[in-house]
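There are 2 protein chains.
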Amino acid sequence: MNVARFFLVLATILVAAKLLGELAERIGQPAVLGELVAGVVLGGSALGVVPAGGTEAELIHVLAELGVVLLLFEIGLETDLREMFRVGPAALAVAVVGVVLPFAFGYLFWRYAPHAQSGSDDLVTAAIFIGATLTATSVGITARVLSDLGRMNTAEARIIIGAAVIDDVLGLVILSVVTGVAAGAALSFLGILRTLVVAVGFLVVAVVVGRFVAPRLFDVIDRMRVRYVLLVASIAFAIGLAALAGLAGSALIIGAFAAGLVLSGTNQFDTIEHEVRPVASIFTPIFFVSVGASVDLALLNPATPAARATLLIAGALILLAIVGKIAAGWAAPWARFRRIVVGVGMVPRGEVGLIFADIGRRSGVLGDEVFGAVLLMVMVTTFIAPPALKALFAREPPGAGT
Amino acid sequence: MNVARFFLVLATILVAAKLLGELAERIGQPAVLGELVAGVVLGGSALGVVPAGGTEAELIHVLAELGVVLLLFEIGLETDLREMFRVGPAALAVAVVGVVLPFAFGYLFWRYAPHAQSGSDDLVTAAIFIGATLTATSVGITARVLSDLGRMNTAEARIIIGAAVIDDVLGLVILSVVTGVAAGAALSFLGILRTLVVAVGFLVVAVVVGRFVAPRLFDVIDRMRVRYVLLVASIAFAIGLAALAGLAGSALIIGAFAAGLVLSGTNQFDTIEHEVRPVASIFTPIFFVSVGASVDLALLNPATPAARATLLIAGALILLAIVGKIAAGWAAPWARFRRIVVGVGMVPRGEVGLIFADIGRRSGVLGDEVFGAVLLMVMVTTFIAPPALKALFAREPPGAGT
Chain A
1 MNVARFFLVL ATILVAAKLL GELAERIGQP AVLGELVAGV VLGGSALGVV PAGGTEAELI
61 HVLAELGVVL LLFEIGLETD LREMFRVGPA ALAVAVVGVV LPFAFGYLFW RYAPHAQSGS
121 DDLVTAAIFI GATLTATSVG ITARVLSDLG RMNTAEARII IGAAVIDDVL GLVILSVVTG
181 VAAGAALSFL GILRTLVVAV GFLVVAVVVG RFVAPRLFDV IDRMRVRYVL LVASIAFAIG
241 LAALAGLAGS ALIIGAFAAG LVLSGTNQFD TIEHEVRPVA SIFTPIFFVS VGASVDLALL
301 NPATPAARAT LLIAGALILL AIVGKIAAGW AAPWARFRRI VVGVGMVPRG EVGLIFADIG
361 RRSGVLGDEV FGAVLLMVMV TTFIAPPALK ALFAREPPGA GT
Chain B
403 MNVARFFLVL ATILVAAKLL GELAERIGQP AVLGELVAGV VLGGSALGVV PAGGTEAELI
463 HVLAELGVVL LLFEIGLETD LREMFRVGPA ALAVAVVGVV LPFAFGYLFW RYAPHAQSGS
523 DDLVTAAIFI GATLTATSVG ITARVLSDLG RMNTAEARII IGAAVIDDVL GLVILSVVTG
583 VAAGAALSFL GILRTLVVAV GFLVVAVVVG RFVAPRLFDV IDRMRVRYVL LVASIAFAIG
643 LAALAGLAGS ALIIGAFAAG LVLSGTNQFD TIEHEVRPVA SIFTPIFFVS VGASVDLALL
703 NPATPAARAT LLIAGALILL AIVGKIAAGW AAPWARFRRI VVGVGMVPRG EVGLIFADIG
763 RRSGVLGDEV FGAVLLMVMV TTFIAPPALK ALFAREPPGA GT
């Protein structure tokens, strides 16, 4: 691999992300929207700057993963655990409804809609798959938007983040189920239970043990003399816990979020947060640009019949995806928060939907036009949530946030 | 590639680097020495944590390159260009003598020493190669030591850094010559001249143009609103210029150093330096750990005859390498500085020597025991310079620095 050429790609990604992020802010939108557009522009269907295959693509992928891991770490650092527990039941209700409803919508739509040509041999498998792609919320997109808007400290933000993290756990369960279905395996209740237990167990053990150990450990580290030892130790802790979560069969971002929660209880919390931010600011744009880069612009051209079929299915999926998640905002009638804000905050599917769609295509369960439709759904839900959230917060009645 | 496993490797590298860096400081040595030892411990001949091949190794390589690029960028930022010009002639003299002497020593040693068994078919080619491995100074190691010791602002540091950067330019010329020789090509004066002109030309054009353009450009960037735009723009500028230097046929680090020099003339210099440091502190340990990881501990076991032959050749090369570079400290009789400090500062060969040795082995010019000897020479010169510099600075007469 040519290191110089790769560095040029990296520099281009960073510059484009900041330029279009700035443009987005100037027209009153969150910066992350600009970074996604930068990805579309630099992606394979436009300029082709972001590498699509080979070692360079793997490298970008790892740097993007570092970006989302550091983002979730930062979010964990900023999360007040007691506040989180207070909104816990509401977040759980929002998450569960926000997974069950869209899944049911997607499954029933594909199972009973009239099919001109089937996307796969087995309609039920495809329907399960399409339902699955509608479930998981992209915590990265929403958290970044809330952070860009300076609204991380609202009750709505806490419920959205909490529900999105729970969604990731549920998403992992669905992912394991769906991967099994795609491989032709029978649904195993034990397998489902195991995935769920691992993800929840990891979070609980990490936070409980970490809250005891971390303050003592970081008091020791703080007495060390080498430069930036606190920062390097914190980041090693975050990517280490992310790795352990991954190796335990859960998601990297769950470990990173847990690491942030744990370190928010240390005495060195302020220094850590202050120093982690600039490091995260280098990596997170790479993540959002690479999400944008996976969008295929050819799917938007209505001149071809294939694109028209795709657009039709996509329209239906988008509607179901939005309605299913917004309805989830009303899932916790006992709690006080602005339900429409939470509902809209759960809409973006982002990277998780893309992962599901990719598995479906590679295993042959999803045909080309259905795959395109799922991609469009992911794209549109991801792109509409930031301006919608921004508009909703702008119209927020004074003092209604908490 | 398994991202989780790679993250675990990365976390281990960072933790080991800081732990052994701390240990080094506690026993009165610069932290970088501990990071090199951490690399040896994690490397293929000991624990084998640092990946030696495949995509993961390439990834570590790119992250390490990012580390050395950010290190040179930071050094460029801290370099006072007027001071640099003032020491320019002295640095040039030190650099040239420090390349010519060791090259001549190495060439003559291998050409006329008695050979029990030749390491290659062509003695002259091998001799040129061994001379070449003795030439280039590792600016990374020395700069890091000077920075760890808080001595970047001394006349000696400026001469060492200046001479080491010139060495890198000369090293590139030698590298292109040596690569040609290894491939069986005839020496081309035009080819040599071209490499030299590209490297020097790149530095001059980048700095002259950059000094005009950069202050205006960064005044504009400073008025942008997106978070950390100055930091991200600076780092994109550094890796972009490094990439351009690489694509122009020069070294990445020359571009990164030029980028630092250019940005040291902007009004946002303080903010940039303040924010770049934490980011660099994550990547530079990866570079030093990966340099340490390429050391093969089996070469140090005197029980085997092959290792004894290697150790004998290595002893001679180490002596020549040290004498040749220390003598270079006396190359500028008109300038006032502590010659022994500059001479010792030029001793470490680090990554550049490793690159030469690697090319020699892969092209079959260097036999196994000679290759091992060159590795040992690189290792020893790299490991002895930090404590020697530290001891010299401790004995510095008051006010002799500037």
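As they're listed, the protein sequences go chains A and B. Residue 19 in my numbering sits at position 19 of the first sequence; the count goes up by one each step and never skips. Residue 484 in my numbering sits at position 82 of the second sequence; the count goes up by one each step and never skips. For glycine and all other residues, C-beta sits at the position ideal for the given N, C-alpha and C.
THR673 of chain B has a beta carbon lying at 7 Å or more from every beta carbon in chain A. GLU275 of chain A has a beta carbon lying within less than 7 Å of a beta carbon in chain B. Nearest to PHE212 of chain A by alpha-carbon distance, out of A:GLY150, A:GLY265, A:LEU230, A:ALA242, is A:GLY265. Going by C-alpha positions, GLU22 of chain A is about 22 Å away from GLY48 of chain A. Residues of the segment 630–645 of chain B whose Cβ lies closer than 9 Å to any Cβ of chain A, in chain order: TYR630, VAL631, LEU633, VAL634, ALA635, ILE637, ALA638, PHE639, ALA640, ILE641, GLY642, LEU643, ALA644, ALA645.
Interface annotation, ALA608 of chain B: not in contact with chain A, CB-CB separation never under 7 Å.
Neighbours of SER540 of chain B in chain A, taken as residues whose beta carbon is under 8 Å from its own, are absent, since the nearest beta carbon is some 18 Å off. For LYS390 of chain A, no Cβ of chain B is located within less than 7 Å of the residue's own Cβ.
Within chain A, the C-beta atoms nearer than 7 Å to that of PHE408 of chain B come from VAL62, in chain order. Across the structure, THR137 of chain A and VAL365 of chain A are spaced so that their CA atoms are roughly 22 Å apart.
When DSSP states are grouped into helix, strand and coil, PRO285 of chain A belongs to the helix group. In the displayed model, ASP621 of chain B falls within a helix according to three-state DSSP. Between LEU551 of chain B and ILE684 of chain B, the alpha-carbon positions lie close to 19 Å from each other. Here LEU389 of chain A is buried, its C-beta having at least 16 other C-beta atoms within 10 Å. For the options A:VAL374, A:VAL347, A:LEU20, the alpha carbon positioned closest to that of ASP296 of chain A is the one of A:VAL374.
For the segment 725–750 of chain B, the full-length alpha helix (DSSP H) segments reaching 4 residues or more read 741–747 along the chain. Within the same chain, Cβ atoms closer than 7 Å to the Cβ of PRO102 of chain A are found at LEU134, THR135, LEU320, ALA321, GLY324, LYS325, the five residues on either side in sequence being excluded.
If you look at VAL378 of chain A, you'll find it in the alpha helix (DSSP H) that goes 368–394. By the C-beta criterion, the segment 248–261 of chain A is judged not to be in contact with the segment 293–311 of chain A, since fewer than 3 inter-stretch pairs fall below 8 Å.
Here LEU190 of chain A is exposed: its Cβ has fewer than 16 other Cβ atoms, across all protein chains shown, within 10 Å. Linking MET224 of chain A to GLY500 of chain B through their CA atoms gives a straight-line distance of about 37 Å. Taking every protein chain shown into account, the CB of VAL610 of chain B has fewer than 16 other CB atoms within 10 angstroms, so this residue is exposed.
ALA440 of chain B does not reach chain A, its nearest Cβ partner there being about 12 Å away, counting only Cβ pairs nearer than 8 Å. Close to chain B, meaning a Cβ-Cβ distance shorter than 9 Å, is no residue of the segment 355–381 of chain A at all. When CB distances to chain A are screened at a threshold of 9 Å, the residues of the segment 595–629 of chain B falling below it are ILE623, MET626, ARG627, VAL628, ARG629, in chain order. Neighbours of GLU22 of chain A in chain B, taken as residues at a C-beta separation under 8 Å, are given in chain order as MET626, ARG627, VAL628, VAL631.
In the DSSP annotation of this structure, the continuous segment of the alpha helix (DSSP H) that includes ASP550 of chain B starts and ends at 541–550.
It is roughly 18 Å from the alpha-carbon of VAL664 of chain B to the alpha-carbon of VAL470 of chain B.
Non-local beta-carbon contacts of LEU468 of chain B in its own chain, meaning distances under 6 Å to residues more than five positions away in sequence, involve PHE685 in chain order. Secondary structure at THR481 of chain B: coil, using DSSP grouped into helix, strand and coil. Proximity of chain A to VAL575 of chain B at the Cβ level (cut-off 7 Å) is not reached, the minimal Cβ distance being about 18 Å.
At the C-beta level, ALA24 of chain A and ALA31 of chain A come within 7 Å of one another.
In the three-state reduction of the DSSP assignment, THR537 of chain B falls in the coil class.
Close to THR125 of chain A, with beta-carbon spacing below 8 Å, lies no residue of chain B; the smallest spacing is near 28 Å.
Taking 7 Å as the CB threshold, THR55 of chain A lines the interface with chain B. The Cβ-Cβ distance between ALA233 of chain A and ALA256 of chain A does not fall below 7 Å.
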